[in-house]
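Start counting the sequence shown at 1; every next residue gets the next number (the working numbering). Cβ coordinates follow ideal geometry from the N, Cα and C atoms, glycine included. Data first, discussion second: the structure below is written as structure tokens.
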Amino acid sequence: MIGDEFNQLERALNDEIPVSVRINRSKGINAPKGGSPVAWCDSGYYLPERLSFTFDPIFHAGGYYV
1 MIGDEFNQLE RALNDEIPVS VRINRSKGIN APKGGSPVAW CDSGYYLPER LSFTFDPIFH
61 AGGYYV
């Protein structure tokens, strides 16, 4: 890895990690409010902030994946 590739990798490693979920549409779950679509996954969304997923019963029922 040389030059610009290294700089791009370094930036990616130092940037904030995005929070994303994939909706399980077979469970009747809708897109999250405030979420931005993931370009390469029609059921994926980026969230504006990390939520406390462990307390969400829909998460435990398989409604979405983090």
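Assuming the contact rule is C-beta atoms closer than 8 Å, residue i and residue j should be a hit. Round their C-beta distance to whole Å, please.
i	j	result
P37	Y45	6 Å
I29	G3	Actually they do not touch by this definition, with Cβ atoms about 44 Å apart.
Can you tell me whether residue i is buried or exposed, with buried defined as 16 or more other CB within 10 angstroms of its CB?
i	result
I23	buried
V66	exposed
Give every residue of the same chain whose Cβ lies closer than 6 Å to the Cβ of residue i, excluding the five residues on either side of it in the sequence, and list them in chain order.
i	result
G34	P48
I19	First, the amino acid is wrong: residue 19 is Val here, not Ile. Excluding sequence neighbours, V19 sits near L47, R50.
Mapping the DSSP letters down to three states, classify residue i as helix, strand or coil.
i	result
D15	coil
S26	helix
D42	strand
L47	strand
Apart from the five residues on each side of it in sequence, which residues of its chain come closer than 7 Å, Cβ to Cβ, to residue i?
i	result
F59	F53
Which same chain residues, not among the five before or five after residue i, have their C-beta less than 8 Å away from its C-beta?
i	result
V21	P32, G35, G44, Y45, L47, Y64, Y65, V66
A61	K27
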